[in-house]
Each structure stands twice: as C-alpha cells, then as structure tokens.
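Below: the structure, in structure tokens.
Numbering (the working numbering), first residue to last: 3 to 494.
Shown next, in the form of structure tokens:
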C-alpha cells in the first residue's frame, strides 16, 4: 500500500481500538452493576425486545451504508438521499412496532413487553439519524470523532442505567437497560451531528437511491440472513423455555458480543475503506488482503481464545455464582465468534469488489445448516442434565457453531481466488496465530491452577496470556506484531 494509504489505515485501526477498548471498559462497568441488580427474567424481557429491534434496524439502513463506503466518491446528494430514506423508514418501522407491541407481549405471555417495547424501539430512530454521519467519517478514515461520540453515549447511558438499577424497586429495574439503550443512541447521534456540522440537501433523488441497490440490496439480504441467524435462538429459547433460561442465554450473548462485535468492527470498519481505494489494482488488492488476513487473525483469534480461557474466573469475579449457567454458553458463542469474525473480514474483500450476491449465497448455506441443527435440537431445548439447567440450549449453540464453521470454509473457498491468492495462502495467514493461541491458552489454564481466588486467578491468567502470546510472536519475528505496535504508537 502507498505510505499515505498505509498511514490512514493505521490511524483508523488505532482509533477503532481506542473506541472498542473504551466501550468494553464502560460496558463492563455498567454490565457488572446491571447483572448484580437485575433478575434473569428481566434480562430475558430486554433480550426479546432487542431481537425485534434488530430486525427493524435492518430496514432502516437497507444496506446503503455499505454501498456508500464501497463507492469511491459519493456525492452530497448521495448522502442526503440515504439520510432521508433512513429517517423515513425508521419512523414508519417505529409506528409499526408500536402497534405490534401488544401482540408481542401476548405471544410471550409477558404484559410488560408492551410498554418496554414501545420505549426501547425509539433507539433505532436515533441510530438511523447517525448512520450517514458515521459513514462520512469512516469514508474519510477519520475515526476519532466516532470513538468520542460512542464514549459520550456510553457514559451518559451508563449513568442513567446505574441510577435506575439502584433506585428502582424489584420488577422495575428492567427500565435501567431500556433507558440505557435510548440515552446511548441519542447522545451518540447528537455528538456526531454537532461535530461534523454537515447538513443534508433538502432533496431526495430516486436515481441516486437506485444506484445503491446493486450493493445495498445484496447487503440488506446478507444482513437480514445474519440477523435471523443471530436472533432466531432468542425467539426460540424465549418461546419454548421462558424468560428465566432466556435470561442466561441473553447474558452470555451480551458479553460474548461485546468482544466479538468490538473486534469485528475494528477489522471491518478500518479495512473496508482501504480495500475500496485499491479495488481497481489486482496486485495491490492481493497484498492488502494478505496483510489484512494476518492482522485480523493476529487480533481476533488471540483475543477470543483468551476470553474462552478466562471465562470461569471472569464470571465468578464479576458476578459471583449467579450466572454460572451462562459460562459454557458464553464460551461456545466466543468460539463461534472466531469463525463469524473471520468470515466478516473475508466478506469485505467481496464487498470491495462489488461481489455481494456471492455473500448472500454463502449466508444462505450457513442459515440452512443452522436451521437443520435447530430443528434437530428443538425437542431437547428445555431439557436439563444434572445441575445444568441450560443443557438443551447448549445443544442449540453447538449447532450454531458448526454452521458458522461451514460458512467460514465456503467463504475461504470462493473469496481467496477473488483476491488473486490461493486457498492455502489464505489458511496460511491464519494457522500460525491459531497454533500460538492454543499454546497461550494452555499456559493460561496451567497458571490458573495456582489460586482459587477468582480475582487472583483472572489476573494471573490474563498476564500469562498476554506475555505468552506477545513473547512467542516476538521470538518468531512476527512482522504483523511489529507493524501493529508501530501503528498504535503512531501519533497521526
């Protein structure tokens, strides 16, 4: 890559990491308070509402944010058209869900879902208003304002959530999570608009909107399939096991997504604009994809492997034994996240080249596989085994993991030649970091035997993991580690 492009990508990675680290720290602090104050059924209620919100958000964006990034030089009219479209659809979707909330509540037998849903669904209107602002900054590779807006929203939402969780009485604490979501998205939206000072044209262009359909329509299909894949388990678990067991799944899903989404966002939002810049140069595109594969594997596999290793002391240190049933669910979801994150990275190459229909086909294969696994495990979903009350849910998640692994393999098979590289080269980018991560996890588990105290065990295992992984890569002369360290130290 050219030095200027390399520098801009490095700055994007740096600020995305800062953003994600700050988000994880704040989410963790808030999450500890909420997990201790709220009951499992209350997390189940919120998880149910957020499932419907996720589907509505798809139609708000319609995949046009990807199309804007993929386009080399979007105009002000392009941005304005997408903004007006997103805003109009978000209002329409909110009204639809407002009227549908009583029916949702009746389906689950939880009357509170009507009022909870009507308030929670406001969040995606705020989110819709910030999509274009975020997109413009990402296109400019100016990630710092996005990080600041996210942090401001998290702090504001966290203050509100903690206050409500502590002051509200039993049965009412669920509103702490509801208002946290709304305040976070509202503050984030306001900060982005105040910072950018960009204003849309008072115009809407159908030709401009139609020009995004090739990429945007395919990406919406991909997002729809992915959202179904992510949320069908919330629907099924809530419908067949009740809010209590759904609460354990929601908690495991929440904490796993915190890490998975953060790492995936660092990789995808940093690399996609760069890939779009070199899409017309096959040689540069091949070099860029190779380096991105190694950088993504270096970060994703290690972080998720370490999270799996420290899951038990982490949950015990933060929550005591209240959420023990969620620990193995968390580990399975993290393991699945390795495949989904790498697949998202590889999908960027297809998006940058405009081959989004291929991604739709691969998503369909994954979803069909997941549906087959779900159907096979459905009779066992509410079963327990000994003290394990979520044994049936574990079976579902193993099926989800298998589906994600299949999708990853298919993605490698089709995307590697598209990048001008062999499939063996693609796997070779990842394999060394997988082996080093497995060695690191073994060292962490060995160190964890030195203490029974959860906090001490967590500290020992974390320190061992970081030192082992960094040390082995340093001894092996990892160029990616040297580059990433230099990137993070860069003052640009």
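The C-beta atom is built at its ideal place from N, Cα and C for all residues, glycine as well. The structure displayed is predicted, hence computed values, not measured ones.
What are the boundary residues of the alpha helix (DSSP H) that residue i is part of?
| i | result |
| --- | --- |
| residue 298 | 284-311 |
| residue 1 | Shown here, the chain extends from 3 to 494; a query on residue 1 therefore has no answer. |
| residue 122 | 115-122 |
| residue 473 | 456-477 |
| residue 421 | It is not in any alpha helix (DSSP H) - residue 421 carries neither H nor E in the DSSP assignment. |
| residue 212 | 208-213 |
| residue 147 | 146-169 |
| residue 390 | Careful: residue 390 lies outside any alpha helix (DSSP H) and carries neither H nor E. |
| residue 181 | 176-198 |
| residue 323 | Unbroken run through residue 323: none, as it is neither H nor E. |
| residue 345 | 329-354 |
| residue 127 | 125-141 |
Please classify residue i as buried or exposed, where buried requires at least 16 neighbouring CB atoms within 10 angstroms.
| i | result |
| --- | --- |
| residue 52 | buried |
| residue 475 | buried |
| residue 123 | buried |
| residue 2 | Since the first and last residues shown for the chain are 3 and 494, residue 2 lies out of range. |
| residue 315 | buried |
| residue 478 | exposed |
| residue 457 | exposed |
| residue 305 | buried |
| residue 300 | buried |
| residue 137 | buried |
| residue 38 | exposed |
| residue 307 | buried |
| residue 76 | buried |
| residue 253 | buried |
| residue 78 | exposed |
| residue 235 | buried |
| residue 171 | exposed |
| residue 31 | exposed |
| residue 168 | exposed |
| residue 452 | exposed |
| residue 105 | exposed |
| residue 283 | exposed |
| residue 325 | buried |
| residue 101 | exposed |
| residue 208 | exposed |
So, using beta-carbon positions, are residue i and residue j closer together than 8 Å?
| i | j | result |
| --- | --- | --- |
| residue 194 | residue 291 | no |
| residue 46 | residue 248 | yes |
| residue 382 | residue 394 | yes |
| residue 163 | residue 181 | yes |
| residue 368 | residue 406 | yes |
| residue 258 | residue 336 | yes |
| residue 437 | residue 425 | no |
| residue 391 | residue 327 | yes |
| residue 35 | residue 179 | no |
| residue 139 | residue 158 | no |
| residue 152 | residue 190 | yes |
| residue 115 | residue 50 | yes |
| residue 471 | residue 439 | yes |
| residue 40 | residue 175 | yes |
| residue 375 | residue 404 | yes |
| residue 348 | residue 156 | no |
| residue 302 | residue 340 | yes |
| residue 467 | residue 459 | no |
Nearest to residue i by alpha carbon, out of the options?
| i | options | result |
| --- | --- | --- |
| residue 150 | 97, 196 and 449 | 196 |
| residue 243 | 433, 439, 82 and 386 | 386 |
| residue 93 | 116, 79 and 129 | 129 |
| residue 398 | 454, 184, 332 and 348 | 332 |
| residue 238 | 377, 23, 36 and 427 | 377 |
| residue 202 | 309, 346 and 135 | 135 |
| residue 107 | 241, 186 and 152 | 241 |
| residue 430 | 294, 364 and 311 | 294 |
| residue 250 | 168, 321 and 433 | 321 |
| residue 2 | 355, 334 and 205 | The structure shown has nothing for residue 2, since the chain only spans 3 to 494. |
| residue 96 | 126, 467, 117 and 142 | 126 |
| residue 160 | 252, 50 and 26 | 26 |
| residue 480 | 297, 142 and 174 | 297 |
| residue 482 | 461, 450, 102 and 432 | 432 |
| residue 183 | 317, 144 and 33 | 33 |
| residue 396 | 177, 412, 487 and 338 | 338 |
| residue 233 | 165, 363, 214 and 255 | 255 |
Looking at the C-beta of residue i, does it have a partner C-beta in chain C at a distance below 8 Å?
| i | result |
| --- | --- |
| residue 426 | Protein chains in the displayed structure number just one, and chain C is not present. |
request  = Check whether the region 86-97 touches the region 285-305, counting contact only when three or more Cβ pairs, one atom from each stretch, lie closer than 8 Å.
outcome  = No contact exists between the region 86-97 and the region 285-305.
ask   = On the three-pair Cβ rule with 8 Å, is the region 416-433 touching the region 442-462?
value = No, the region 416-433 is not in contact with the region 442-462.
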